[in-house]
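Undergrad: Chains as they are written, first to last, in the working numbering: chain A, 16 to 249; chain B, 16 to 249. All C-beta atoms in this analysis are idealised placements derived from N, C-alpha and C, irrespective of residue type, glycine included. Fair warning: this is a prediction, and the values are worked out from it, not measured in the lab.
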């Protein structure tokens, strides 16, 4: 397969947003003596993500970075989760938990192997400073940070994938999208990218039921990033 | 000084474009038995850089990445320098010498020190894939690659600096532009950036007469990247 560049979905594919948010919210609750279901809090926060991006996509909101969308969703959860008494600095710090997400156990090692043969590039709806902070926090060795924010379009708009190919000076067929979400791969494939599905069984927790069935159109189906590196000849 | 992010000019400030191009052109001339003044060739190629960007700025050309501007300038030099017989693949490889520029001796070590306390970010007229290839070639540990290409404006348009602050989610006064060229710093300063001048006495060779005089408005005046790291408390 003639591929030069791997572009990665990040939330869920590279990092385990759910466990990190549950852990940090639980700690905050303990420190503030607030008793709530912090797992439900994490899921509710994430549940606002798609709809808030759709408000930008539809023109209901002007261009708004994910940090600000996360904060809008968080503000809507404060009362229910007893967080109304937090200071502005505490709320800002909580909102930045998305900058401190932990990687899946195979992400750093697998990326290091893949980087030896390919350019490894983010292609995330996360904003640039979020992705850069996360790279430092988690030790992710990106060559380039690309984002909905540099494309000024949210995935799964085709402009995001076209932007990545343009920035890499490569034809789409030399690009490969890596994601744990079929819709992201399908949108990349529409633009001409190769596709690698990575199975993340625990993105939505032990009771989650992610769609991880292999599809005929996938160029690679990988169990994790080390399996992806094996299959990509690294 | 309350600075979070250092943005770097690259050609001349981080890498020694002139020595690398003279060396590679000299080798090509030897291999092809072409006798020319390869120092003059390097200077002529670089001399086309500003005027070609101005054609984009003025609207005479649509958005065009530096790789393509470099190639247009090179095409105009082929006859004079006896390079008309090169194949398309050889010309493309020669044009990519800009992706393989060597760093100044203090660049890699100084950047590693600065990265311990600041985000280190390119802010170059070079296109993204050029800067990424160069980072791999030279071992430059960028956190983020930003460019005229991600801003869709060439320096010294103010939009380039505004774009960098926006992508870093920082107010301009927490950004510091690092460059060996006063005009670049002055343009960044207009937008509100702090400024660090780095003295590069040899950018235009031993006979060059660069303007390295210290100016009162500079926040930092550094002899090289290690001196910059010292002064920035790294």
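#1: Name, please, each residue of chain B whose Cβ falls closer than 8 Å to the Cβ of residue 22 (chain A).
#2: With the cut-off set at 7 Å, would you say residue 28 (chain A) and residue 213 (chain A) are in Cβ contact?
#3: Any beta carbon of chain B sitting closer than 7 Å to that of residue 182 (chain A)?
#4: Quick one: using the 10 Å Cβ neighbour count with 16 as the cut-off for buried, is residue 125 (chain B) buried or exposed?
#5: If you draw a straight line from the C-alpha of residue 33 (chain A) to the C-alpha of residue 16 (chain B), how long is it?
#6: Run through chain A and tell me which residues come within less than 7 Å of residue 134 (chain B), C-beta to C-beta.
#7: Can you list the residues of chain B that residue 164 (chain A) reaches, using a CB-CB cut of under 8 Å?
#8: Which residues bound the beta strand (DSSP E) around residue 80 (chain B)?
#9: Can you tell me whether residue 77 (chain A) is buried or exposed? The criterion is at least 16 other CB atoms within 10 Å of its CB, across all chains shown.
#10: What is the rounded straight-line gap between the Cα of residue 238 (chain B) and the Cα of residue 74 (chain A)?
#11: What does residue 36 (chain A) reach in chain B if we use C-beta pairs closer than 9 Å?
#12: Under the DSSP definition of a beta bridge, which residues are partnered with residue 197 (chain A)?
#13: Indicate whether residue 145 (chain A) and residue 113 (chain A) have their beta-carbon atoms separated by less than 7 Å.
#14: Which residue spans inside the segment 68-116 of chain B form an unbroken beta strand (DSSP E) run of at least 3?
#15: For residue 135 (chain B), which of B:43, B:183, B:149, B:62 has the nearest alpha-carbon?
#16: Does the CB of residue 206 (chain A) have a neighbour CB from chain B at under 7 Å?
#17: Sorted by chain position, which residues of the same chain lie with C-beta nearer than 8 Å to residue 123 (chain B)'s C-beta, five sequence neighbours on each side aside?
#18: Counting pairs of beta carbons, one from the segment 85-99 of chain A and one from the segment 187-204 of chain A, are three or more of them closer than 8 Å?
#19: Name the residue from A:185, A:189, A:220 whose alpha carbon lies nearest to the alpha carbon of residue 234 (chain A).
#20: Along the chain, where does the alpha helix (DSSP H) that runs through residue 129 (chain A) open and close?
#21: Is the distance from the Cβ of residue 205 (chain B) to the Cβ of residue 20 (chain B) below 7 Å?
#22: Nearest chain A C-beta to residue 49 (chain B) closer than 7 Å, yes or no?
#23: Give a yes or no on whether the minimum CB-CB distance between residue 108 (chain A) and chain B is below 7 Å.
#24: State the start and end residues of the unbroken alpha helix (DSSP H) segment that holds residue 36 (chain A).
#25: Within the same chain, show all residues whose beta-carbon is closer than 7 Å to that of residue 246 (chain A), passing over the 5 residues directly before and after it, in chain order.
#26: Between which two residues does the beta strand (DSSP E) harbouring residue 236 (chain A) extend?
#27: Using a Cβ cut-off of 7 Å, pull out every chain B residue sitting near residue 140 (chain A), in sequence order please.
#28: DSSP has residue 175 (chain B) in a bridge; who is on the other side?
#29: Please go through the same chain and pick out, in chain order, the residues whose beta-carbon is closer than 8 Å to the beta-carbon of residue 187 (chain A), but skip the five residues on each side of it.
#30: Looking at the C-beta of residue 71 (chain A), does it have a partner C-beta in chain B at a distance below 7 Å?
#31: To test your reading of the DSSP string, which unbroken beta strand (DSSP E) runs of 3 or more residues are found completely within the segment 201-226 of chain A?
#32: Just the chain B side, please: which residues come within less than 8 Å of residue 82 (chain A) by C-beta, in chain order?
#33: Measure the CB-CB distance between residue 191 (chain A) and residue 30 (chain A) and report whether it falls below 7 Å.
#34: If you draw a straight line from the alpha carbon of residue 147 (chain B) to that of residue 141 (chain B), how long is it in whole angstroms?
#35: Closest to residue 44 (chain B) by C-alpha separation, out of B:93, B:88, B:149, would be which residue?
#36: Does chain A have any CB closer than 7 Å to the CB of residue 160 (chain B)?
TA: In terms of the structure at hand:
#1: Within chain B, no C-beta atom comes less than 8 Å from the C-beta of residue 22 (chain A); the nearest is roughly 13 Å away.
#2: One thing to note: residue 28 (chain A) has its Cβ within 7 Å of the Cβ of residue 213 (chain A).
#3: Judged by the 7 Å Cβ criterion, residue 182 (chain A) is in contact with chain B.
#4: Of the other Cβ atoms in all chains shown, 16 or more fall within 10 Å of the Cβ of residue 125 (chain B); this residue is therefore buried.
#5: Each residue's alpha carbon lies about 37 Å from the other.
#6: The contacting residues are 147.
#7: Listed along chain B, the residues sitting closer than 8 Å to residue 164 (chain A) by beta-carbon distance are 182.
#8: Per DSSP, residue 80 (chain B) belongs to no beta strand (DSSP E) and is neither H nor E.
#9: Result: exposed.
#10: Whole-angstrom Cα-Cα distance: 50 Å.
#11: Near residue 36 (chain A) there are no residues of chain B at all, since even the closest Cβ is about 20 Å away, more than 9 Å.
#12: Among the bridge pairs identified by DSSP, residue 197 (chain A) is matched with none.
#13: Closer than 7 Å, so yes.
#14: As far as the segment 68-116 of chain B is concerned, it has no whole beta strand (DSSP E) run of at least 3 residues.
#15: Taking only the C-alpha atoms, the option nearest residue 135 (chain B) is B:183.
#16: False, the Cβ-Cβ gap to chain B never drops below 7 Å.
#17: The answer, listed in chain order, is 153, 154, 155, 156.
#18: Verdict: no, contact absent.
#19: Ranking the options by Cα distance to residue 234 (chain A), first place goes to A:189.
#20: Boundaries of the alpha helix (DSSP H) harbouring residue 129 (chain A): 122-130, taken from the DSSP string.
#21: Between residue 205 (chain B) and residue 20 (chain B), the C-beta gap is not smaller than 7 Å, which leaves the two residues out of contact.
#22: For residue 49 (chain B), not one C-beta of chain A is nearer than 7 Å to its own C-beta.
#23: Between residue 108 (chain A) and chain B, the shortest Cβ-Cβ separation is not below 7 Å.
#24: Segment 32-47, the alpha helix (DSSP H) holding residue 36 (chain A).
#25: Same-chain partners within the cutoff: 235, 237.
#26: In the DSSP annotation of this structure, the continuous segment of the beta strand (DSSP E) that includes residue 236 (chain A) starts and ends at 235-237.
#27: Per Cβ cutoff of 7 Å: no residues; residue 140 (chain A) is ~15 Å from chain B at best.
#28: Listed as beta-bridge partners of residue 175 (chain B) by DSSP are no residues whatsoever.
#29: Cβ neighbours of residue 187 (chain A) within its own chain (closer than 8 Å, five residues either side excluded): 176, 177, 180, 206, 207, 208.
#30: Not one chain B Cβ lies under 7 Å of residue 71 (chain A).
#31: Residue ranges of uninterrupted beta strand (DSSP E) with 3 or more members, entirely inside the segment 201-226 of chain A and ordered along the chain, are 209-213.
#32: Here the neighbours are 184.
#33: Result no, Cβ atoms of residue 191 (chain A) and residue 30 (chain A) do not sit closer than 7 Å.
#34: Residue 141 (chain B) has its alpha-carbon roughly 10 Å from the corresponding atom of residue 147 (chain B).
#35: Of B:93, B:88, B:149, the smallest CA-CA separation from residue 44 (chain B) is found for B:93.
#36: True, the Cβ-Cβ gap to chain A drops below 7 Å.
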